[in-house]
Amino acid sequence: MDSNFNPDKQHTLSNPISISGTGLHTGVLVDMTLKPANPGFGIQFQRVDLPNQPIIKADCDLVTDTSRGTTLQVGDAKVSTVEHVLAALVGMGVDNALVELNGPEIPIMDGSSAPFIARIEEAGVVEQEATKAWYSLDENIYHYDEGKRVEMVALPSMDYQITTLIDFNSPVLGTQHAGLKTIKDFQAEIAPCRTFCFLHELEALLDNDLIKGGDINNAIVVVDKPVTDDEMNRLAKVFKRDKIEVKSEGYLNNLELRFPNEPARHKLLDVVGDLALIGYPIKARIIANRPGHSTNVEFAKKIKQYIKKNRHVKDVPVYDPSMPPVYTLEQIEKTLPHRHPFLLVDKIIQLTDTYIVGIKNVTFNEWFFPGHFPGNPVMPGVLQIEALAQTGGILCINSMPEGVYDTYFLKIDNCKFKQMVRPGDTMVLKMEFTGPIRRGICEMRGTVYVGGKVATEADLVAQVVKRQNT
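Going by the numbering used here, 766 is the number at position 254 of the sequence shown; the sequence numbering is gapless.
Written out as structure tokens, the structure reads:
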């Protein structure tokens with residue numbers, strides 16, 4: 513990312529990227545192509561070697577295995593070890609890309625994200641016109657796994673920051689930590705860090721025929737227990753080497769670390785890749801103690817659920833009663849045919865070519881309260897929808913050529929009432945187009961906010977008709 517990179521815009525690749533390599537666990541040679549994609553596409557994988565070329569979205573809800581990497585699956589189609597390429601895309605600010613591959617596993621390359629970063633940098637990253645919608649947290653989100661002694665927390669923050677801590681009771685590794693203050697540092701500080709494992713894990717993987725694509729050059733092997741000559745000879749044979757040694761630092765085959773805390777940095781890399789599966793860009797400070805793929809994915813699911821539950825909150829319009837309205841009540845009456853007691857919009861505070869925000873102050877003196885739940889005044893849901901419809905009518909009419917128009921609503925879908933509206937409440941009414949107006953047909957999404965929370969939401973379709981002179 514250079515100084516001109518705009519983090520508030522979506523980005524994709526300038527050109528397709530082709531990479532070939534072997535899968536770590538399957539040993540299968542895979543050809544992979546990263547292709548540009550339209551705004552809002554996100555990151556998706558496509559198995560071009562399978563019938564119908566199925567597409568698998570980068571989504572934590574599609575994870576089916578985290579034993580030695582993160583695997584996504586839809587039906588019989590799966591893609592394994594997705595975390596390193598996802599981390600590379602996030603680290604380079606790529607929001608939208610299609611990852612095509614003709615095999616079941618992402619190439620392991622050198623065990624880091626650096627080879628993917630290098631190819632993305634060669635191809636270039638291009639800014640798209642679409643705005644990038646960041647999601648912020650209003651509260652801490654925790655995840656604990658007592659069995660694995662994992663603790664993870666996401667804290668509200670103005671940026672995306674990550675700190676990882678590892679402690680495997682290993683005299684070689686000791687206790688390590690790594691930090692990422694801004695995603696712009698990912699390429700230099702985190703991307704080159706390779707995956708690691710302990711020698712006893714490596715032997716178990718070999719016994720289970722799980723690292724067919726493994727090589728001494730794509731993993732750091734930690735040796736924190738005595739090793740026999742027979743074991744060394746076996747490893748040399750597996751990895752096609754004349755000789756394998758354990759140096760005094762406790763790493764296999766005289767491997768030079770790229771950073772003193774490279775294992776902790778790689779754990780941070782994995783967190784970046786796995787949290788990409790949230791599917792929403794977030795601003796949060798992540799602290800992860802002893803993270804692993806399974807806990808990363810469970811944590812991603814928690815954050816995703818929080819965002820899905822609260823995503824409307826970030827769009828809550830700010831209502832300042834002291835600011836002059838865009839439309840006063842008198843101007844509303846010149847636009848809409850509704851009159852008291854059926855005019856349910858008091859003023860318009862925002863109006864653009866794509867959305868409108870209106871205000872309705874609910875008082876105990878409303879005409880409908882004496883007959884609707886007497887003694888327990890609750891505004892009827894149908895009238896909340898009517899207030900949205902009237903607000904949307906102004907948006908539609910404002911988008912038409914000069915003339916006098918009426919709006920007639922044709923359809924209401926996906927209507928949900930989430931909290932009651934009572935006397936004393938101020939309804940903030942937001943209507944936004946979900947598509948262009950075609951032949952006078954307007955499709956809109958409506959939301960009623962009360963006290964900063966969603967009270968009602970619905971999809972509405974209306975027809976704008978030019979009023980005939982009488």
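The C-beta atom is built at its ideal place from N, Cα and C for all residues, glycine as well.
Taking the CA atoms as reference points, GLY659 sits about 58 angstroms from PRO836. Under the DSSP assignment, LEU787 falls in the alpha helix (DSSP H) whose first and last residues are 774-787.
In the structure shown, ASN745 adopts helical secondary structure according to DSSP, grouped into three states.
A distance of 8 angstroms or more separates the beta carbons of ILE844 and ILE897. Under DSSP, the beta-bridge partners assigned to ILE860 are TYR839, GLY870. Contact between ILE756 and MET744 is confirmed by a C-beta separation of about 5 angstroms, below the 8 angstroms threshold. C-alpha of ASP577 to C-alpha of LEU848: approximately 57 angstroms in a straight line. Contact between the segment 534-551 and the segment 781-791 is absent, with fewer than three C-beta pairs closer than 8 angstroms. Around the beta carbon of THR582, a 10 Å sphere encloses 16 or more other beta carbons of the protein chains shown; the residue is thus reported as buried. Distance from the CA atom of LEU598 to the CA atom of GLY539, rounded to whole angstroms, is 20 angstroms. The shortest CA-to-CA distance from VAL809 to any of SER579, GLN902, PHE517 is the one to SER579.
Contact between VAL960 and MET932 does not hold, since the beta-carbon distance rounds to 11 angstroms and is not under 8 angstroms. Within the segment 869-944, complete alpha helix (DSSP H) segments of at least 4 residues are found at 893-910, given in chain order. For GLY964, the closest alpha carbon among the candidates GLU944, GLU641, ASN822 is that of ASN822. The Cβ atoms of THR968 and PHE929 sit closer than 8 angstroms to each other.
GLY603: member of the alpha helix (DSSP H) spanning 595-603, first to last residue. Taking C-alpha positions only, SER669 is separated from LYS795 by approximately 6 angstroms. The Cβ atoms of LYS644 and GLN556 lie no closer than 8 angstroms to each other. Taking the Cβ atoms as the reference, ALA642 lies roughly 7 angstroms from GLY552, within the contact range of under 8 angstroms. One alpha carbon belongs to LYS978, the other to TYR917, and they sit about 4 angstroms apart. In terms of Cα proximity to ASN518, the closest of MET604, GLY887, GLU878, PHE945 is MET604. Bridge pairing for ASP679: THR687 [DSSP]. Contact annotation: VAL734 and PHE708 have beta-carbon atoms nearer than 8 angstroms. THR524 carries a strand assignment under DSSP once its states are collapsed to helix, strand and coil. The beta-carbon distance between ALA635 and ASN527, rounded to whole angstroms, is 4 angstroms. This is short enough to meet the 8 angstroms contact definition. The distance from the Cβ of LEU972 to that of LEU855 is about 18 angstroms, inconsistent with a contact at the 8 angstroms cut-off.
ASN608 sits in a strand when the DSSP states are folded into three classes.
By the Cβ neighbour-count rule, GLY615 is buried, with 16 or more other Cβ atoms within 10 Å of its own.
PRO704 is the residue among SER806, HIS884, PRO704 whose C-alpha sits nearest the C-alpha of PRO772. With respect to the 8 angstroms criterion, THR593 and ILE629 are not classified as neighbours on the basis of their beta carbons. Here the alpha carbon of LEU769 sits roughly 12 angstroms from the alpha carbon of HIS778. The DSSP-derived three-state label of PHE698 is helix. Annotation: ILE799 to TRP646 spans about 19 angstroms, alpha carbon to alpha carbon. In terms of CA proximity to LEU685, PHE710 leads the group ARG661, ASP607, PHE710. Of the candidates ASP588, ARG797, ALA600, ARG797 places its Cα closest to the Cα of ILE653. In the DSSP assignment, TYR961 falls within the unbroken beta strand (DSSP E) covering 953-962.
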